[in-house]
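Below: one structure, written as structure tokens.
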Amino acid sequence: MANTILVGAQWGDEGKGKIIDVLTEKSDIVVRTQGGNNAGHTVHVGEKKYVLHLVPSGILRPEKLCVIGNGVVVDPVSLVDEIDGLRKLGVEIGENLILSETAHLVFPYHRLLDEQRELKKAKNKIGTTKRGIGPAYGDKAARTGVRVIDLVNPDRFRRLLAERIEENNEFLQTLGAEPLSFDEICEQYLSAGEELTPFVENTVVRLHEAIKSGKSVLFEGAQGTFLDLDHGTYPFVTSSNTTAGGACTGSGVPPHRIERVIGVIKAYTTRVGEGPLPSENREIADLLHDMGREFGATTGRPRRCGWFDAVVVKQAVMVNGIDDLAVTNLDGLDTVERIKVCVAYQVDGKRYDYMPNDIDLLGRCQPIYEEVPGWMTSVGEARCWSELPQATRDYLGFIAEKTGAALGLISVGPGRDQTFPAE
Ligand code: GDP
Ligand code: IMO
Ligand code: MG
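Its first residue numbered 742, the sequence shown is counted upward by one per residue in our numbering.
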């Protein structure tokens, strides 16, 4: 398969993990390039369910190489737990996983700062996953981060950690939080570092050599386009570049090696956390929650839900250069008689065909909907395009037309076999 970047084209949780798992079959290498364990990627294989946070979803196919790239922020204790948990579920993890030396680390003070900042913001909070992601990327940008390469050098790690704990404890105390113990963190992190040492590598060189020898790479995006630090609904975003460009900086693979970009979308819209969601709709949220769906894979929070927003996905197609769409969760709309699609916004008597950048204005946008008939039957049994009801195919065609991307893959259920090409 061509070297492919897969991105979430909405606000995360589009079903990226599931599509990665399907596409990995035709790829040699799967790379995570940004985000951290704020991600939760669910993959069902047979009766088993896996939720991946830092480990690429490709790990479920043991013959493939999985890479945690330089752009990821890694909580090493959490990574060791995740690897242990996966091994307990029978997943083989050994030489099939490598971790970049230059990935930055997440520390307990990052998590505490994340929590404290959210408390201070009160009703203006972002609704983060409290995994310390923002403060960890903040340290990276401020050049005060500590990296994997430091963790596997205990002397240097002790020195850097001592400096960081001293500075952060001062700050945490001014916020009213308890100071952290250097000894405890140092012991815990060095022990995790020892466990991770066999995985640590210069992943840039490894990826270049692999590509040179004809191997194909699949870049597993985390979060979604509108959580991107530059292109998302700032400040209600995460702290990394979740869009296609982030895959290059976060892996060291140059843009001209990328041959294809896939955008994953749900057949409707969801968002966890705060911030604008123009097509949010109570009825569709109740419908999906009553089906036991749309609860966060990382925090268990109920996701906010709405109709499909073509304005949003059209923008995602633009900033990521999406060639084709993978549409998941079509079965969530099985019982909806008339399906609405947001095709533009309206605010203060003015129509917007693109998302306004002013966050307050976006928050006040009213969706302009077009309606299409639902299919009112279960699509979960369909195994190819021709087995989908005509109304479902029409809905998909409508989405493609309104967003300007081709249809690539269709997903009608969580299972591997419930995915097929749109042809
Ligand atoms: P990710 O973060 O983008 O990997 O998505 P999550 O795993 O957080 O959330 C997507 C949810 O939708 C998971 O529970 C998946 O198992 C589920 N899922 C993915 N595709 C489908 C589908 O076509 N139908 C149904 N019913 N569930 C799906
Ligand atoms: P996957 O990869 C959905 C959201 C949080 C919050 C905002 C900032 O599973 O799609 P952070 O902890 O990153 O500082 O939180 O981003 N968020 C996600 N929402 N899916 C995710 O990942 C997310 N990762 C972060 O809810 O609104
Ligand atoms: Mg998720």
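Cβ atoms here follow ideal geometry from the backbone N, Cα and C, with glycine treated the same way.
Bounding residues of the beta strand (DSSP E) (the contiguous stretch that carries residue i)
| i | result |
| --- | --- |
| H782 | H782 to V786 |
| L747 | T745 to G749 |
| I723 | Missing from the structure shown is residue 723; the chain here goes from 742 to 1164 and no further. |
| V796 | Element bounds for V796: n/a, residue is neither H nor E. |
| E961 | V958 to E961 |
| K871 | Taken as a continuous stretch (DSSP letters only), K871 belongs to no beta strand (DSSP E), as it is neither H nor E. |
| T1160 | T1160 to P1162 |
| R1092 | K1091 to Y1093 |
| I770 | I770 to R773 |
| Q964 | Here Q964 belongs to no beta strand (DSSP E), and DSSP marks it neither H nor E. |
| A1085 | R1079 to V1088 |
CB-CB length for residue i against residue j, believed under 8 Å
| i | j | result |
| --- | --- | --- |
| C1046 | N1022 | 7 Å |
| V1058 | M1096 | Incorrect: roughly 12 Å between the Cβ atoms, too far for contact. |
| S1152 | V1068 | 7 Å |
| R998 | N744 | 6 Å |
| V958 | S768 | 7 Å |
Coil, strand or helix - residue i by DSSP
| i | result |
| --- | --- |
| C927 | helix |
| L916 | coil |
| Q1107 | strand |
| S980 | coil |
| T1010 | strand |
| P1019 | coil |
| S841 | strand |
| P1114 | strand |
| K881 | helix |
| D1050 | strand |
| S932 | helix |
| E908 | helix |
| L709 | An answer regarding residue 709 cannot be provided, because it is not within the stretch 742 to 1164 covered by the chain. |
| E942 | strand |
| L846 | strand |
| K767 | coil |
Residue range of the alpha helix (DSSP H) that includes residue i
| i | result |
| --- | --- |
| Q857 | P849 to K862 |
| P817 | P817 to K829 |
| D1065 | No alpha helix (DSSP H) contains D1065, which is instead part of the beta strand (DSSP E) from D1065 to T1069. |
| G986 | A985 to T990 |
| G1149 | G1149 -> not in any alpha helix (DSSP H); beta strand (DSSP E) instead, spanning A1147 to S1152. |
If you pair each beta-carbon of the stretch 1026–1042 with each one of the stretch 1105–1121, do three or more pairs fall below 8 Å?
no
Do the stretch 861–869 and the stretch 787–804 touch if we need at least three Cβ pairs shorter than 8 Å?
By the Cβ rule, the stretch 861–869 does not count as touching the stretch 787–804, because fewer than three pairs are nearer than 8 Å.
Counting beta carbon pairs with one atom in the stretch 922–939 and one in the stretch 855–865, are three or more of them shorter than 8 Å?
Contact annotation: the stretch 855–865 does not touch the stretch 922–939, with fewer than three C-beta pairs closer than 8 Å.
Cβ contact check for the stretch 959–968 and the stretch 742–753: 3 or more pairs under 8 Å
yes
Cβ contact check for the stretch 809–825 and the stretch 769–782: 3 or more pairs under 8 Å
In short, these stretches touch, since the Cβ pair count reaches three.
Touching by the beta-carbon criterion (3+ pairs, under 8 Å), the stretch 1002–1010 and the stretch 752–769
yes
Any 3 or more C-beta pairs closer than 8 Å across the stretch 977–995 and the stretch 930–938
no
Counting Cβ pairs closer than 8 Å, one from the stretch 801–809 and one from the stretch 822–839, do we hit at least three?
yes
Taking 5 Å as the limit, name every residue whose beta carbon sits nearer than that to some heavy atom of the ligand MG, in sequence order.
Taken from the N-terminal end onward, the list reads D754, G781 and A1038.
Any 3 or more C-beta pairs closer than 8 Å across the stretch 841–850 and the stretch 878–893
yes
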